[in-house]
DNA sequence: GTCCTTCACTGACGCGCGCAAGCAAGCCGC
DNA sequence: GCGGCTTGCTTGCGCGCGTCAGTGAAGGAC
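Below, the structure is given as structure tokens:
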């Protein structure tokens, strides 16, 4: 709620420095192929500094035909902490390349993604899962040049190693029958598959039966029922979809008089802040979101500049076991 | 990584509909004071639909001198879950008014806020705490028209009721000496003051001594030391800055052989997902971030349109006690 | 003296849009 | 028949910027 307060334009700088706008533009973007004597260059830079000139991104985008805005489509409404952190890491990584991130909640009642893409003038669009072909086309018509993830080979199943790491850890501890705790909230359904798949693979590799899955809500009763199920199936180790679910399993075990980890071992994913201070401290798999976000940012920048994509990191990079007392 | 794929402009629609660009603009923005026969109107709308025309936000912003972008300055790097949720709620609430939110991590190594404001062409800038006067001026020069929060009366201490609610609950349970658990991570320091202040006020009102503060890190040892401090001071009830800290206090109490809530009562803030499944289930204060974000969005929209600000909600609205077994 | 090249710039266009002003046609009152 | 009013448009400007084509002056080659 303040006055418009006329902003300084490159014309102001040009006038003050006694040159034309074009020269100012060349200097400030230090465009190659232009011969500008050091004296002029310094003078322009000095004036720009003094007038606090900042190029108007909107106008620049219009002229250049491309903006510095990346649109992130976030699946549902209330999100887990790790996704939020991914968002922030991505924003930070993009910011280092002069790109701004705008997040769009893809709820049913909200505006469709291509609409938003057009109105903010985004040149790149990202999401957690690949977009349907029709959406991709609509986005392109809306001005998006880079759309990720596509179904590129290195992007297919980034979460699979997480499940493998969980299962391998339990198996190495001698557990022969594993359980898998699925989260109750529907917003996770898109992500559960991969992690569970990783656990199944490890079981198969070790010649063990497939994990016994159970849905665990965030209340003690729900968790206790799941524990009953696992006890009946002689499960001794449980991989949980995430740490919240794991903590619920901990509560369920306690409700049934089981001690962790001797009667039942539990391992989570995420290493949430409370993981070290629950009872017993939770063994978990930490996922290096920083690295994932960074890589995503690199891919976007590469796509925008037309440079080749950076090499893919090894599959399990950034996935780390944090051993505590629950296993 | 796809082709530019020329976008449809309003000129395309105009040509196809056999009218001028201005007419298209008038119809699509259904501008009052223009008399356009229903036939023409329908024809233009139909063509726009058919060509999948979406106005180019960048150009619109340039022409109108104002963008539909709101910039949110987020304090430090890794953020608590509740702040992330606020961000998302705000984005959703703004999206309903056709505004897009871009978040900027105000880290030291990042670009300064006014820079970002200019490059994304934001018309409104928000943050969690009021901006220093100098920053406000720089933002205005960068094109920001609305800057919140200012030190408006209704925005000053939104978190104070949270502390009051915590303390009042413990006092009503008969506790006469309270402790306050401060988080160890420096990123919270800007926010601890208000909540602690609320607790202090309630203590003063009830004629009790000021709360005994202790810093509690997210590890059992740190929490145990704090518990020792409180035990020595005959504290029987602890208000924690947030749920994570509260869970740590729970661990500290257990480490010292105290039972919760009989020996030591604990109350948190946020109602994080694991709150119902820790031992014992955590009593906490839930903060209606949805309402806060909504109100913030309303204030921004009001500021942008020049309409009067909506009435302030009552101070404690949206703050709710969730009673479980830890008190 | 003429021609060519390099240097150091400048003029002007266009990106897609909102909006002020203008303008032809039709109609009305007198 | 004429001035004035409404209706239904159109023409044209400008937002701030990137960028291309051009241009005058200086310097060198012959």
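Chains as they are written, first to last, in the working numbering: chain A, 18 to 344; chain B, 18 to 344. The beta carbon of each residue, even a glycine, is placed where N, CA and C say it ideally should be. No experiment lies behind these values; they were computed from the predicted model shown.
Thinking just about the alpha-carbon of each residue, which of the options is nearest to the one in residue i?
| i | options | result |
| --- | --- | --- |
| residue 99 of chain A | A:303, A:123, A:236 and A:314 | A:303 |
| residue 65 of chain B | B:78, B:76 and B:32 | B:32 |
| residue 220 of chain A | A:237, A:195, A:35 and A:144 | A:195 |
| residue 281 of chain B | B:336, B:249, B:207 and B:164 | B:249 |
| residue 192 of chain B | B:298, B:227, B:26 and B:305 | B:227 |
| residue 181 of chain B | B:109, B:285 and B:247 | B:285 |
| residue 34 of chain B | B:235, B:245, B:225 and B:70 | B:70 |
| residue 234 of chain B | A:253, A:292 and A:178 | A:292 |
| residue 140 of chain A | A:67, A:289 and A:160 | A:160 |
| residue 53 of chain B | B:67, B:37 and B:186 | B:37 |
| residue 57 of chain A | A:76, A:30, A:79 and A:80 | A:30 |
| residue 321 of chain B | B:77, B:83 and B:50 | B:83 |
| residue 310 of chain A | A:256, A:113 and A:121 | A:113 |
| residue 289 of chain A | A:278, A:283 and A:301 | A:301 |
| residue 307 of chain A | A:105, A:44, A:294 and A:164 | A:105 |
State yes or no: is the beta carbon of residue i nearer than 9 Å to at least one beta carbon in chain B?
| i | result |
| --- | --- |
| residue 69 of chain A | yes |
| residue 64 of chain A | no |
| residue 61 of chain A | no |
| residue 112 of chain A | yes |
| residue 242 of chain A | no |
| residue 192 of chain A | no |
| residue 271 of chain A | yes |
| residue 75 of chain A | yes |
| residue 318 of chain A | no |
| residue 52 of chain A | no |
| residue 224 of chain A | no |
| residue 204 of chain A | no |
| residue 85 of chain A | yes |
| residue 268 of chain A | yes |
Could you please give me the residues that DSSP links to residue i through a beta bridge?
| i | result |
| --- | --- |
| residue 48 of chain A | According to DSSP, residue 48 of chain A bridges with nothing at all. |
| residue 196 of chain B | B:229 and B:255 |
| residue 303 of chain B | B:337 |
| residue 120 of chain A | A:89 |
Starting from residue i, trace the beta strand (DSSP E) in both directions and tell me its first and last residue.
| i | result |
| --- | --- |
| residue 32 of chain B | Per DSSP, residue 32 of chain B belongs to no beta strand (DSSP E); it is in the alpha helix (DSSP H), 27 to 34. |
| residue 285 of chain B | 282 to 286 |
| residue 144 of chain B | 141 to 144 |
| residue 164 of chain B | 163 to 165 |
Exposed or buried, which one is residue i when buried takes at least 16 other CB atoms within 10 Å?
| i | result |
| --- | --- |
| residue 340 of chain B | exposed |
| residue 124 of chain A | exposed |
| residue 59 of chain A | exposed |
| residue 39 of chain A | exposed |
| residue 200 of chain B | buried |
| residue 203 of chain B | exposed |
| residue 129 of chain B | exposed |
| residue 251 of chain B | exposed |
| residue 47 of chain B | exposed |
| residue 102 of chain B | buried |
| residue 243 of chain B | buried |
| residue 136 of chain B | buried |
| residue 158 of chain B | buried |
| residue 183 of chain A | buried |
For chain A, is any of its Cβ atoms less than 9 Å away from the one on residue i?
| i | result |
| --- | --- |
| residue 155 of chain B | yes |
| residue 101 of chain B | yes |
| residue 29 of chain B | no |
| residue 121 of chain B | yes |
| residue 284 of chain B | no |
| residue 178 of chain B | no |
| residue 265 of chain B | yes |
| residue 170 of chain B | A caution first: residue 170 of chain B carries a pLDDT of 47, below 50, which makes its placement in the model unreliable, though a value can still be read off. No, because no Cβ of chain A sits closer than 9 Å to the Cβ of residue 170 of chain B. |
| residue 33 of chain B | no |
| residue 313 of chain B | no |
| residue 207 of chain B | no |
| residue 218 of chain B | no |
| residue 144 of chain B | no |
| residue 337 of chain B | no |
| residue 152 of chain B | no |
Can you give me the start and stop residues for the alpha helix (DSSP H) that residue i sits inside?
| i | result |
| --- | --- |
| residue 176 of chain B | From DSSP, residue 176 of chain B is part of no alpha helix (DSSP H); its letter is neither H nor E. |
| residue 240 of chain B | 237 to 249 |
| residue 74 of chain A | 74 to 81 |
| residue 216 of chain A | 206 to 222 |
| residue 150 of chain B | 150 to 158 |
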